[in-house]
Amino acid sequence: MSRPEPTLALIPSLPKTAQFERFVSDQRAALLGFLRRLTPCEADAEDIAQESFLSLVRYRESEPVEAWRPLLFRIALNAFNDRSRRGATRADGAHLSLDDGIVDLPSSDVPHEKRIADQQELALIRETILQLPERCRQIYLLNRIEGLSYTQIARHCGISVKAVEKQITKALATLRERVDKKAARAAETT
Amino acid sequence: MKLEYISTEAADLPHSAEGWVARLASPEAGPADQAAFEAWCEASPDNRAGYVRAEHLHARVRELAQDALIGAAARAALRDAAAQRSRRSWRWAALAASVALAALVSGVYWRGAGEQRYDTRLGERREVRLDDGTRALLDTDSAISVRYSAQRRALTVERGRVEIDVAAEPGRPFVTYAANGTIHDIGTRFQVSRQPDQVLVTLLEGEVAIETPQSAGAPTVLKPGAQAQIDAAGGIAAGKADIDAARGWPRGELVFKDRALADLVGEMNRYSAVQVRLGEPALGRIAVSGVFHAGDQEALIKALQSGWSLRAEREAEGEIVLRAPMTR
């Protein structure tokens, strides 16, 4: 079996910082184009893109490279939604709200209630994952905890890359449904 | 190369926020998927909010990496998934063959993941299966990093001990680095133990050639059952390996034949937060033989108490001190 010409074979040996620079230059135009279609304001689009890449720097080491793109778009969409909610005002809190939830702030910077809510959410996530159907749980954990790529999981489990994607979709759908339902129920009773 | 567009037929697009999170991280996602995702986001604020929420939960899962139950379930998945594969491989053989080609094509494109790193905690043993089918078994408190390119496969033993079962792949050599030692192999199974002042290479099957910057183009070639000792100055000394010990640790068994007690205690301490210390240096020279379960300090203490009449005292939190028997 002959291997295709390794056009980008240099990438694997690049350190993460260099990979990140490359990622930023590859994705900047795409992200800007996307934001321009959401907001008519060019300055807003550029601000959001800039802030999103800055926020993403935090996850450069902890997240695998293939997770950067979905994460970047979440951060950008979050920032866009925040701005829409606040209207035209560019409040100084913009930086904090950009990507709350998994920001590693020193605990004193985060309000007590939010910390509790974060811990409750994480406990719900944990419980739900442990209750997932076996195959689905295995594949999801191999990806999120063991850090295996779709390709590696496919080989490891003897299934297709597409089947890996389907199982991860299923795990996430269950996760969102149960966590949000339980959180809503908890909010009702308090 | 047009094959990366294979998965982007319209019928195949995700129809939920979760589906998009999973798709964007796939090596099979191409520019058409990205465009479809952006259109989906533009279509409604609900879509955007759903994506933000799903991606947020997806990312938070990584905070559970240190959770004991989640960690255990993940490691079980590493073992079980491989076992299930062998049971049902006949069903998947045809499918896997077609997928292999797709993976190969997308692999070149998206193998931006680059260096993969694997490690084990104190007392943990873990087997990882690399992209090419090579198997690496990491002993307690060990770490390796792996970089594969189309031309070569490179593995670095950063710390600890690892057994490597290399998948033969003509034309793409497998090279292992440990401190100053470089190990070239030819479809083989060997162990590398990186210690503070030396590197030990034990060959179980096949053949390896070892070199250091000082070996000046004259590599040391090992045969099965042999062990090479690489010192800090780059010297390589070959000798006979303790094959029983080499076969034991991958199963969690430390096999000692007529070895110094100091070695045994040192070895056992590598697996446990509970450290055993010798109260008197002379005890270290006692010759011991036996099979000990890695990490089971209690059993070790019991054996030493009954077999060698040593006295064990718990002196501090997590520390047991051994002393010579009382003289009457």
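In order, the protein sequence lines correspond to chains A and B. For the first sequence, the tail end lands on 215 under my numbering, and the numbers increase by one without skipping. For the second sequence, the tail end lands on 329 under my numbering, and the numbers increase by one without skipping. Just so it is clear, CB atoms sit at the ideal spot from N, CA and C, and this is done for glycine as well. Here the structure is a predicted model, which means the values were calculated and not measured.
Pick helix, strand or coil for residue 224(B), following the three-state DSSP scheme. coil
Would residue 58(B) pass as an interface residue toward chain A - the criterion being a Cβ-Cβ separation below 7 Å? yes
Are the CB atoms of residue 158(B) and residue 137(B) within a distance shorter than 7 Å? no
Identify the continuous beta strand (DSSP E) that holds residue 119(B) and give its terminal residues. 117-120
Mark residue 31(B) as exposed unless 16 or more other C-beta atoms lie within 10 angstroms of its C-beta, in which case mark it buried. buried
Closer than 6 Å by C-beta to residue 59(B): which residues in its own chain qualify, once you throw out the five before and the five after it? Chain order, please. Counting only residues of its own chain and dropping the five nearest sequence neighbours on each side, residue 59(B) has a CB closer than 6 Å to the CB of 22.
Continuous alpha helix (DSSP H) stretch holding residue 57(B): start and end: 46-61
Best match in 253(B), 278(B), 240(B), 285(B) for proximity to residue 259(B) [C-alpha to C-alpha]: With distances taken between Cα atoms, residue 259(B) lies closest to 285(B).
Given this structure, state the Cα-to-Cα distance separating residue 76(A) from residue 199(B), to the nearest angstrom. 48 Å
Partners in chain A for residue 178(B), counting only beta-carbon separations shorter than 7 Å: Listed along the chain, the chain A residues whose CB falls inside 7 Å of the CB of residue 178(B) amount to none; the nearest CB is some 13 Å away.
What residue ranges within the region 184-263 of chain B form continuous alpha helix (DSSP H) runs of no fewer than 4 residues, ordered along the chain? 244-249
I want to verify the contact list: residues of chain A whose CB lies under 9 Å from the CB of residue 156(B), in sequence order. In chain order: nothing, as chain A lies at least about 13 Å away.
Option in 76(B), 300(B), 39(B) with minimal Cα separation from residue 102(A): The candidate whose alpha carbon is nearest that of residue 102(A) is 39(B).
Is residue 275(B) helix, strand or coil when you go by DSSP? coil
Using a C-beta to C-beta distance shorter than 9 Å, which residues of chain A count as neighbours of residue 74(B)? 154, 155, 162, 163, 166, 170
Compare the beta carbon distance of residue 235(B) and residue 220(B) with 7 Å and say whether it is the shorter of the two. Cβ distance not < 7 Å, so residue 235(B) and residue 220(B) don't count as in contact.
Taking 6 Å as the limit between beta carbons, can you name the residues of its chain near residue 16(B), skipping five residues before and five after? none
For residue 294(B), name the three-state secondary structure that DSSP assigns. Reduced to three states, the DSSP call for residue 294(B) is strand.
To the nearest angstrom, how far is it from the Cα of residue 163(A) to the Cα of residue 169(A)? 10 Å
With a threshold of 8 Å on Cβ separation, who are the neighbours of residue 281(B) within its own chain once the five nearest residues in sequence on each side are excluded? 324, 325
Chain-order list of residues whose beta-carbon lies under 6 Å from that of residue 166(B) (same chain, five-residue window excluded): The residues are 136, 190.
Does DSSP put residue 84(A) in a helix, a strand or coil? coil
Against residue 201(A), what residues of chain B qualify as contacts under a CB-to-CB distance less than 7 Å, listed in chain order? 19, 54, 55, 58
Can you find a C-beta in chain B that's less than 7 Å from the C-beta of residue 71(A)? By the rule that beta-carbons nearer than 7 Å mark a contact, residue 71(A) does not touch chain B.
Three-state secondary structure assigned by DSSP to residue 19(B): helix
Are three or more beta carbon pairs between the region 202-209 of chain A and the region 142-153 of chain A nearer than 8 Å? yes
For the ligand FAD, I want to know if residue 304(B) counts as a neighbour, meaning its beta carbon is within less than 6 Å of at least one of the ligand's heavy atoms. As presented, the structure is devoid of all ligands, the ligand FAD included, so that no description of it is given.
Chain B residues whose Cβ lies nearer than 9 Å to that of residue 80(A): The contacting residues do not exist; residue 80(A) stays about 12 Å from chain B at best.
Report the three-state DSSP secondary structure of residue 109(A) (helix, strand or coil). helix
Cβ contact check for the region 223-231 of chain B and the region 248-256 of chain B: 3 or more pairs under 8 Å: no
Identify every residue that forms a DSSP beta bridge with residue 313(B). 323(B)
Rounding to the nearest angstrom, what Cα-Cα distance links residue 309(B) and residue 327(B) in this structure? Distance between residue 309(B) and residue 327(B), taken at the CA atoms: about 12 Å.
Using 10 angstroms around the beta-carbon of residue 87(A), count the other beta-carbons present and answer buried if the total reaches 16, otherwise exposed. Classification for residue 87(A): exposed.
For residue 28(B), which residues in chain A fall below 8 Å Cβ to Cβ? 91, 174, 175, 176, 186
May I have the straight-line CA-CA distance separating residue 194(B) from residue 128(B), to the nearest angstrom? 16 Å
Apart from the five residues just before and just after residue 153(B), which ones in its own chain have a Cβ nearer than 8 Å to its Cβ? 173, 174, 175, 176
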